[in-house]
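Top to bottom, those sequences are chains A and B. According to the working numbering, the first sequence is numbered sequentially starting from 196. According to the working numbering, the second sequence is numbered sequentially starting from 233.
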Amino acid sequence: MKGYMGKILHVDLSTGEIHEEEIADEVYEHFLTGVGIGTYVLYRDVPADADPLGPDNILGFTSGLLTGTASFMTGRWMVVCKSPLTGGIGDANGGGHFAPAIKQVGYDAIFFKGVSAKPVYLHVDHRGAELRDAAHVWGQDAVVAEEMLTKECMGRKKPRIALIGQAGEKLSLISGIVTDAGRIAARAGVGAVMGSKKLKAVVLNGSKRVKYHDPDGMKGYSQTFAEKVRTASVPPIISDTLLKVIGHITGRNRYEAPSDGSSSYALMKRFGTHAGTQLSIIAGDSPVKNWQGGPADYPTRDSNKINIRGSGIDKNEIRKYHCAQCAIGCGGIVNLDGVERASGKFTHTHKPEYETLAALGPMLLNTSPDSILYLNELLNRAGMDTISAGGTLAFAIECYENGLLTREQTGGLELTWGNHEAIVTVVEQMIARETWLGDTLADGARRASEIIGWGSEAYAITAGGQEPGMHDPRFSVGWGVDYSANPTPGRHTNGATAYSTLFLWERVSYAPEPQRVLKEDLTKPDPEYALGTVLATQYKMLIDAVGGCIMGAAGGVNGWDLFRMLELATGWNKTADDYMEIGNRINTLRQLFNVKHGIDPKDFLMHKRIETPRQSGPNRGRGVQMEPIVSLHWEKHGWDPNTGHPTNETVQRLGLDQFFGEVVR
Amino acid sequence: MAVRGKPTFNYDLCVACGICMHACAFGSIEMTHTGVGKMKKAYPALDRPDTCTGCRQCEQQCPVGVIAVKA
Numbered sequence: 196m197k198g199y200m201g202k203i204l205h206v207d208l209s210t211g212e213i214h215e216e217e218i219a220d221e222v223y224e225h226f227l228t229g230v231g232i233g234t235y236v237l238y239r240d241v242p243a244d245a246d247p248l249g250p251d252n253i254l255g256f257t258s259g260l261l262t263g264t265a266s267f268m269t270g271r272w273m274v275v276c277k278s279p280l281t282g283g284i285g286d287a288n289g290g291g292h293f294a295p296a297i298k299q300v301g302y303d304a305i306f307f308k309g310v311s312a313k314p315v316y317l318h319v320d321h322r323g324a325e326l327r328d329a330a331h332v333w334g335q336d337a338v339v340a341e342e343m344l345t346k347e348c349m350g351r352k353k354p355r356i357a358l359i360g361q362a363g364e365k366l367s368l369i370s371g372i373v374t375d376a377g378r379i380a381a382r383a384g385v386g387a388v389m390g391s392k393k394l395k396a397v398v399l400n401g402s403k404r405v406k407y408h409d410p411d412g413m414k415g416y417s418q419t420f421a422e423k424v425r426t427a428s429v430p431p432i433i434s435d436t437l438l439k440v441i442g443h444i445t446g447r448n449r450y451e452a453p454s455d456g457s458s459s460y461a462l463m464k465r466f467g468t469h470a471g472t473q474l475s476i477i478a479g480d481s482p483v484k485n486w487q488g489g490p491a492d493y494p495t496r497d498s499n500k501i502n503i504r505g506s507g508i509d510k511n512e513i514r515k516y517h518c519a520q521c522a523i524g525c526g527g528i529v530n531l532d533g534v535e536r537a538s539g540k541f542t543h544t545h546k547p548e549y550e551t552l553a554a555l556g557p558m559l560l561n562t563s564p565d566s567i568l569y570l571n572e573l574l575n576r577a578g579m580d581t582i583s584a585g586g587t588l589a590f591a592i593e594c595y596e597n598g599l600l601t602r603e604q605t606g607g608l609e610l611t612w613g614n615h616e617a618i619v620t621v622v623e624q625m626i627a628r629e630t631w632l633g634d635t636l637a638d639g640a641r642r643a644s645e646i647i648g649w650g651s652e653a654y655a656i657t658a659g660g661q662e663p664g665m666h667d668p669r670f671s672v673g674w675g676v677d678y679s680a681n682p683t684p685g686r687h688t689n690g691a692t693a694y695s696t697l698f699l700w701e702r703v704s705y706a707p708e709p710q711r712v713l714k715e716d717l718t719k720p721d722p723e724y725a726l727g728t729v730l731a732t733q734y735k736m737l738i739d740a741v742g743g744c745i746m747g748a749a750g751g752v753n754g755w756d757l758f759r760m761l762e763l764a765t766g767w768n769k770t771a772d773d774y775m776e777i778g779n780r781i782n783t784l785r786q787l788f789n790v791k792h793g794i795d796p797k798d799f800l801m802h803k804r805i806e807t808p809r810q811s812g813p814n815r816g817r818g819v820q821m822e823p824i825v826s827l828h829w830e831k832h833g834w835d836p837n838t839g840h841p842t843n844e845t846v847q848r849l850g851l852d853q854f855f856g857e858v859v860r
Numbered sequence: 233m234a235v236r237g238k239p240t241f242n243y244d245l246c247v248a249c250g251i252c253m254h255a256c257a258f259g260s261i262e263m264t265h266t267g268v269g270k271m272k273k274a275y276p277a278l279d280r281p282d283t284c285t286g287c288r289q290c291e292q293q294c295p296v297g298v299i300a301v302k303a
């Protein structure tokens, strides 16, 4: 009666054995579910020398503790594994409708180990779990395969399916796992792990109910939240013109200060994340030309082509949709009728997110919205990460422009900035892995630079091997902390930069209220700012442990009260400080996983290109050296400031040694 | 034998969260109702009324109380 199901499912793909494990209440109280229980099982069961693409690695699909309750913004699922891209812990999360289905078949999470001899999928319904032959769907893209499996497995209700496309099957290290006809948990190479296990899909069709402490109280709180969202609306005056003006004002603002992010509810409800693209480019938030350019390199006449009007996304939106338990609904389906490349192939696509537009637009100086819409659908179907694909393409273009890739190696393609014809062709080759170039780039920029050599690592902009999200630390240094200090580096949803919008200082006894600070001052280590980045990171662990969405969290704890919802679900009578300690415990265990697996946390520092100050534009004069800033972040987290390893005192205080005995540190 | 009811939805207050769709054990509800307001949103609808048993789970689990199961 606390919102969790009390057990997890283990599937050994080498032997075909399937068994349940009951989880003690004590484990839930210390780790919750979602990323928490995922990390708990990974730390416990993955041996230190496990090959990420071998039988000893474990791939876990987890739901959140609040998923299946009457709470809002809590329907996301998480996938966890040892990442083949970074070598450390890997996780990614997705929306859609897969998360409730995990609990509806009776489990908080499903874990796979071993490697199947032939392609299989797992089917779970009220009769139990079984592995089935997947030869007929192996080789199909994720959308086609989902349609086939939906028909094949239709029960009383439609099954919910997570699966890989061609990229995961071909072990691309930048591949993800797909649900809902093209939504993707994209990061950390989780698709390659699934492909290495010959596991095409997980098909769930259950109807078990989630029992929890106070359903009436939860509904009462949800009605309050729904009213906030219902009354949040975008004034008709909001247009591309006004967003451009806001972009210029934001770019000229030299300060970071607390801000109420609840207005994002209205923008997300009306448009989705794509609306902020041009604003972010103008303000200096979006990386341009492989992190070496600025707004002047992708001027307004260019960004006009991928803004709300220019991209055609808003005009051609067929319908909006919500993920499970979402009151906002930032998703949408866009008609591709006018996109020539898609003709005869695809009729529609999910509305491209900001990250996709930025990675395939200004990063490549690409001004063709049609190419981005086409690539969005192509990559979603193949199950390849659009952020890493964009980062890797930018790397390849810079190599070609500087003579490190020859025309012979590109197969005659003029792989130059903005050449969208060549960009589309290279992505098709990356998915197919059929040419030398496509095969080389399919594993991301760092692996490609190791093959190409000639100093090309200077152009491979990654954090720990993963291409960072589309936000420049020179615009807001918190992004650099996210990319460099998180045990899953390079992620755009880790939270450190969000502290000033979370209002944790109104709930957590030791959380400092952020002051108005010059951005220049934050390019040097700042103790109070460092504590904020730690608290925001730990709070994000709670979000990922309950199935939460950062669009809900954007309104701060006064807009979307995670602590209260946890109390209504569990009845534990914990304080906000108690819950923050759980966030600390989860993130510390993620770092311990990396230490156990031989990762030097300093190897995850973001590429040094961001140390170079911009000469002009909104970020002029600002370069960021991450090492001292990350060192202070580690210290505030209770980790050794020199090594990044959690200290003995922290491990004991969080009780981690009680669960795992001698932990590696 | 009592006639079992079927759900009706108040679209003025519905937030399209889909909780009712997931609550339905019989696949009776899908997010297929469009044409409400200007937002082009897909709202829940009793898509397969023949499979609905009138169990009221959708009504009980709706966080915002917009579902009424009526005979």
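Positions of the beta carbon are idealized from the N, C-alpha and C atoms, including for glycine.
Taking C-beta atoms as the reference points, residue 366 (chain A) and residue 391 (chain A) count as a pair closer than 8 Å. Apart from sequence neighbours up to five positions away, the residues of its chain that approach residue 739 (chain A) with a beta-carbon distance below 7 Å are 229, 230, 273, 288, ordered along the chain. Residues of chain A with a Cβ closer than 8 Å to the Cβ of residue 295 (chain B) are, in chain order, 265, 266, 267, 413, 414, 417, 418, 421. Between the alpha carbons of residue 544 (chain A) and residue 529 (chain A) lies a distance of about 5 Å. With a threshold of 16 other beta carbon atoms within 10 Å, residue 564 (chain A) meets it and is buried. Per DSSP, residue 301 (chain B) lies in no alpha helix (DSSP H) segment; the continuous beta strand (DSSP E) that holds it begins and ends at 299-302.
Interface residue (Cβ-Cβ distance to chain B less than 8 Å): residue 740 (chain A) is not classified as such. When secondary structure is reduced to three states using DSSP, residue 722 (chain A) falls in the helix class. In summary, residue 255 (chain A) is buried, with 16 or more beta-carbon neighbours lying within 10 Å of its beta-carbon over all protein chains present.
As a beta-bridge residue in DSSP terms, residue 834 (chain A) pairs with A:841. Per DSSP, the unbroken alpha helix (DSSP H) holding residue 581 (chain A) starts and ends at 581-596.
Put simply, the backbone Cα of residue 557 (chain A) is about 45 Å away from that of residue 320 (chain A).
Listed in chain order, the non-local C-beta contacts of residue 517 (chain A) below 8 Å within the same chain comprise 523, 524, 526, local neighbours out to five positions each way being set aside. Contact with chain A is found for residue 274 (chain B), since one of that chain's Cβ atoms lies less than 8 Å from the residue's Cβ.
In the three-state DSSP reduction, residue 208 (chain A) falls in the coil class, being neither helix nor strand. In the assembly as shown, residue 452 (chain A) is an exposed residue. Its beta-carbon has fewer than 16 other beta-carbons within 10 Å.
By the C-beta density criterion, residue 815 (chain A) is exposed, having fewer than 16 other C-beta atoms within 10 angstroms.
Not one beta carbon of chain B lies nearer than 8 Å to the beta carbon of residue 724 (chain A). Taking the Cα of residue 625 (chain A) as reference, the smallest distance to any Cα among A:714, A:243, A:640, A:401 is reached at A:640.
Judged by DSSP secondary structure, residue 540 (chain A) falls outside any beta strand (DSSP E); it is assigned neither H nor E. Secondary structure note for residue 275 (chain B): its beta strand (DSSP E) is the uninterrupted segment 275-278. Going by DSSP, residue 289 (chain A) is part of the beta strand (DSSP E) stretching over 284-289. Within the stretch 487-552 of chain A, the complete alpha helix (DSSP H) segments of 4 residues or longer fall at 495-498, 503-506, listed in chain order. Looking at the DSSP output, residue 239 (chain B) sits in a beta bridge with B:301. In this model, residue 316 (chain A) and residue 354 (chain A) are separated by some 13 Å (Cα to Cα). The Cβ atoms of residue 707 (chain A) and residue 727 (chain A) lie closer than 8 Å to each other. For residue 226 (chain A), the enclosing alpha helix (DSSP H) covers residues 220-226.
Rounded to whole angstroms, residue 483 (chain A) and residue 719 (chain A) show a C-alpha spacing of 24 Å.
If only complete runs of 4 or more residues are kept, the stretch 391-448 of chain A shows the alpha helix (DSSP H) at 410-426, 435-447, in order along the chain. Proximity of residue 251 (chain B) to chain A, defined by a Cβ-Cβ separation below 8 Å, is satisfied. Between residue 259 (chain B) and chain A, the shortest Cβ-Cβ separation is below 8 Å. Here the alpha carbons of residue 329 (chain A) and residue 341 (chain A) stand approximately 12 Å from one another. Interface with chain A (8 Å Cβ-Cβ cutoff): residue 285 (chain B) is excluded. Between residue 551 (chain A) and residue 587 (chain A), the gap from beta carbon to beta carbon reaches 8 Å or more. Per DSSP, the unbroken beta strand (DSSP E) holding residue 328 (chain A) starts and ends at 323-328. Under DSSP, residue 316 (chain A) takes part in a beta bridge, and its partners are A:327, A:396.
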